Amino acid sequence: MIARIATPVALTTRYRDFLASLKTSGFQGEISPDYGSRTVLATDNSIYQRLPQAALFPLHAEDVQRIAELAATEQYREIVLTARGGGTGTNGQSLTHGIVVDLSRHMNRILEINAEERWVRVQAGVVKDQLNKALKPFGLFFAPELSTSNRATIGGMINTDASGQGSCAYGKTRDHVLALNTVLLGGETLRSGPCTQYELEVLQRGNGRIAGVHRTVADVHRQHAELIEARFPKLNRCLTGYDLAHIHDPDGRFNLNSILCGSEGSLGFIVEATLNVLPIPKQSVLVNVSYASFMDALRDARALMAMSPLSIETVDSKVLNLARQDIVWHDVAQYFPAHPATETQGINLVEFSGNDPEALEYAVEEFVEHLQRDTSVRRLNHTLARGSSVNQVYAMRKRAVGLLGNVQGEIRPQPFVEDTAVPPESLADFIAEFRALLDSYNLQYGMFGHVDAGVLHVRPALDMKDPAQAALVRPITDKVVELTHKYGGLLWGEHGKGVRSEYAPRFFGELYPALQAIKSAFDPFNQLNPGKIATPLNATDELLKVDEVTLRGELDRQIDERVWNSYETAVHCNGNGACYNFDPADAMCPSWKATRERTQSPKGRASLIREWLRLQGNAGVDVLEVAQKARNARFFSGALKKIANTLGKYRGREDFSHEVFDAMSGCLACKSCAGQCPIKVNVPEFRSRFLELYYSRYLRPAKDYVVGSLEFTVPVLAKFPGLYNSLMRLSAVQSLLRGPVGMVDSPLLSNVALKPVLKRWHVVEATPKALARLSDVERDNTVVLVQDAFTRYFETDLLADWIEVLARLGFKVLMAPYLPNGKPLHVMGFLGAFEKAARKNADMLNSLSMYGVKLVGLDPAMTLVYRQEYRKSLGSGAPEVLLPQEFLAQTLEKIPEQTGDGKAYYLLGHCTEKTNAPAATALWRHVFGQLGLNLHMVSVGCCGMSGTYGHETANRKVSEKIYDLSWRQVVEHEDQARLLANGYSCRSQAQRLSKATLAHPLQALKQHLAGD
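The sequence shown begins at 217 in our numbering and counts up one residue at a time.
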């Protein structure tokens, strides 16, 4: 039995008092002191882990003012506050031992768009891609381009002065900031922007903090102008944070925004920004150049820059090879063809863009001619991507950060010296020495970056659980600092300083006291993200050091190695935050999108399970042993203890396991994370295992048994569909469902009789004996249908239509005997029962497949279980069951192309299939095309049903909210006769919430083949 875990690290008295005072002050947002929220916010995409005291989620700027005003009182000068946006920093910028102020949950509105004057006004929590989606209808966009653009907030970009691809043309975030609203300690709101000398003089008058910061910054510039000019490197990536070199803009106007951009929340809370936006280039062409040597790619980039492209991005072979194993590869493989003689070791992605198509084509042609003519380096080949294909290739490049965390084994690339910047002309020589340095430690590494700007992301591979390897962070960082000095560059050229701030005094030299003076003016008692960039003058506090902040590995090594390896789909989450994707039309983690709760995300759930495993181990619990006992236990085993523990739970007895349970219960088990996460964090997999362990201590609710037994009971109930459906419509039964059972409703059984269909199309049961009688020719034209409970008993008409489609295409159809697939058991954590059901079903299906006849399923969620959960449980014993479109795509090539009616169909794809079998999803279009029909894929996220999730009372509101994110608008505003959905859950949800009957793609094919 698992152990009860009380909160391991409780809040201090001073912080509890602060939170209580804040609550009584009129603060309207959420206050989260729970251990689960603190755990999730303890990490970012860095190697560090710092447990905060609590998290605050302000509702608006007034809430932020209340926080800042209270913190400035003498009573609370020890309170530490740190702003947080997307939380994807690679250097611990937003990690704190104090209070996290998360500005992303509520303060995420686009306030104003002025397309004519090309500016926007936004709250700090707006995501970059969210903003660009709103700007696209106006032909505008906000630059620069980030690899994390689908989850990076504008506030986070400003606080790190973010830059990325195309920055040589578009500049950094600072270059696009027109005005900022910043809440200062004490509650004043600073509205900053360019100001004249007269306006500056006015702003310096008075005794308030706003006047003081203007005086201080103006004095710094007046006293140190010559030193600033001499000290700051002339790079595209200048020194971020308190940017003294740009206190005055090119027109000579004083501008505090250059101090605030890159300040990492150490000067105030940026709550609102006015940004300039740019016209979207009408045409773009991406030239993808492959090399046999990564150093050739780097050296070639310098010459290629002379051709004036918009940008040059580079990727090494390690990233490229990881991309080949990722969901993204099927979209871009054609642009990186294999070379017959040697393997590609590096690529350059060279973009040309503009509004004049002729001029653009001329530039590209001239560039290609240069590639063909120049022999200074060996290039393997090049390809051209145009239109939407440009974004697809860049999507692969954007995933580089996450992909590097998905190498096999415990030694994985780590971010700590990963955004060095040197003059572009020195980059190849710099990297050659950098590689020699890492080679001297016998380390592997991955590289990618912006060679046009002289920035390369280098991640040495270490096992951070190994103290000896973790100790290399210090010497390697010190030596890289020396190397960047040698080449006139910077340690932190793009991703901010964060924990690496200890090197700031060395880089700033005599100017460092000027930074301290600025910090003192804004934050005299070092309360705002202390330890980052600079400390106040005369402060006893020190800057953070790279080897004195708790490393994730220090805590991870407390987890037993057997447990660590067993839970690898959770513990290897590196915090890249791909699961925080804002896009409602993207399938990734619908529970996060609907709730905006970090604990309800794959990263959050992985963080919680990792901490829970650590605490269970420290309590002396072997979770693997507990799991084995749970699978072998009898039904009433330990019932009395479970009853006592459950009573304790309802009486408020503390157990961290409950917080983990709440996070896991919110998961839809859609498996989008398993397909889309670069690290392949698989929440449904470890969620099921956690539920198994959790219910070894606590009683299960009735709904778990109802759902888990569904596949076993439904064949019996289906013998009396009329009676069952009538009972389910009774108000008393519905009350019972909603109450003790915990189900909002339940699907009704189909009244369609299957026997007449089987008789009409001569369908018989598939048995080894029947299959053995088939000739080789007959086997080639025979298919065995694998039944699932949902389409067999709740959508029998669909199964009948599937049989008719196959028969009309000339196939002999056999029906595999119905056996439970086991998916509901797995979802609910009945893993012992799942293994038994899976083994029995697999044995039966394997006995049929040995005769060379294809096994084909129908529902994607149920069919994909055979190639995922079955393979994990049974290994090579898992049967091969094809999706319908996979089978049709393999066989329709034999049939001459047909002519359709010319009308288009629109497919709302199933999220599990789209993310875990993307190539299979694309086959629907191929199948329709072969039969003369047009099919378009509709961009939607999750429908919110996902098996029985949407039927459960506890999930009803979230389920509807997920549906509202993308599905409702499409279903209720398009021609439903042409809308298709291939997921049973999806069709059920559309019927339930929009009263819409969506056909399956197979039903559209049946209608076409039957001439209806």
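Even glycine gets a Cβ: it sits at the ideal position worked out from N, Cα and C. Computed from a predicted model, the values in this text were never measured in an experiment.
With a minimum length of 4 residues, the unbroken runs of alpha helix (DSSP H) contained wholly in the segment 1005 to 1056 fall at 1012 to 1024 and 1039 to 1044. Per the coordinates, the alpha-carbon of T1115 lies some 25 angstroms from the alpha-carbon of E1190. From the listed residues I374, D590 and L990, the smallest Cα separation to T998 is found for L990.
Residue pairing by DSSP places Y1122 opposite H1152 and L1195 in a beta bridge. In this structure, Q892 lies near A794, with their beta-carbon atoms less than 8 angstroms apart.
Going by DSSP, A395 is part of the beta strand (DSSP E) stretching over V393 to V399. Unbroken beta strand (DSSP E) stretches of 3 residues or longer found wholly inside the segment 295 to 341: 297 to 300, 315 to 318, 326 to 330 and 335 to 339, given in chain order. Listed in chain order, the non-local C-beta contacts of L678 below 6 angstroms within the same chain comprise Q630 and Q685, local neighbours out to five positions each way being set aside.
Between the segment 284 to 303 and the segment 655 to 670, the count of Cβ pairs shorter than 8 angstroms is below three; the stretches do not touch. In this structure, L491 sits near L394, with a CB-CB distance shorter than 8 angstroms. When secondary structure is reduced to three states using DSSP, L731 falls in the helix class.
Out of A258, K845, S262 and S1201, the CA that lies nearest to the CA of N790 is found in S262. Straight-line spacing of the CA atoms in V842 and S912 works out to 8 angstroms.
Here K450 is exposed: its Cβ has fewer than 16 other Cβ atoms, across all protein chains shown, within 10 Å.
Here V980 is exposed. Its C-beta has fewer than 16 other C-beta atoms within 10 Å. For A846, the closest alpha carbon among the candidates V787, G1048 and M944 is that of G1048.
L620 is classed as buried because its beta carbon has at least 16 other beta carbons within 10 Å across all chains shown.
When the five nearest sequence neighbours on each side are left out, the beta carbons in the same chain lying within less than 7 angstroms of the beta carbon of T1007 are those of L1014, L1015, L1074, D1075 and Y1200, in order along the chain. Along the segment 529 to 591, the alpha helix (DSSP H) occurs as fully enclosed runs of 4 or more residues at 533 to 539, 545 to 548 and 573 to 589, listed in sequence order. When DSSP states are grouped into helix, strand and coil, Q1003 belongs to the coil group. With respect to the C-alpha of G704, the residue from G670, P721, E901 and H711 having the closest C-alpha is G670. Residue ranges of uninterrupted alpha helix (DSSP H) with 4 or more members, entirely inside the segment 949 to 984 and ordered along the chain, are 971 to 976.
When C-alpha distances from V436 are compared across F1050, Y728 and L1214, the shortest belongs to Y728. Residue pairing from DSSP leaves T228 without any beta-bridge partner. In the structure shown, E777 falls within a helical segment according to DSSP collapsed to helix, strand and coil. For Q1207, no pairing in a beta bridge is given by DSSP.
K1039 is a Cβ neighbour of V1081, given a cutoff of 8 angstroms. Separation of S365 and D345 (C-alpha to C-alpha, rounded to the nearest whole angstrom) is 6 angstroms. If you check the CB distance, N571 and P497 come in under 8 angstroms.
Under DSSP, the beta-bridge partners assigned to I486 are T398. Bridge pairing for H437: absent [DSSP]. With contacts defined as CB atoms closer than 8 angstroms, L267 and A277 fail to qualify as a contacting pair.
Look at the beta carbons and you see the segment 1135 to 1152 not touching the segment 1178 to 1186: under three pairs across the two are nearer than 8 angstroms.
When beta bridges are read from the DSSP output, H464 appears opposite F470. Counting along the chain, Y661 sits inside the beta strand (DSSP E) bounded by residues Y661 to H666. In the DSSP annotation of this structure, the continuous segment of the beta strand (DSSP E) that includes Q499 starts and ends at Q499 to Y507.
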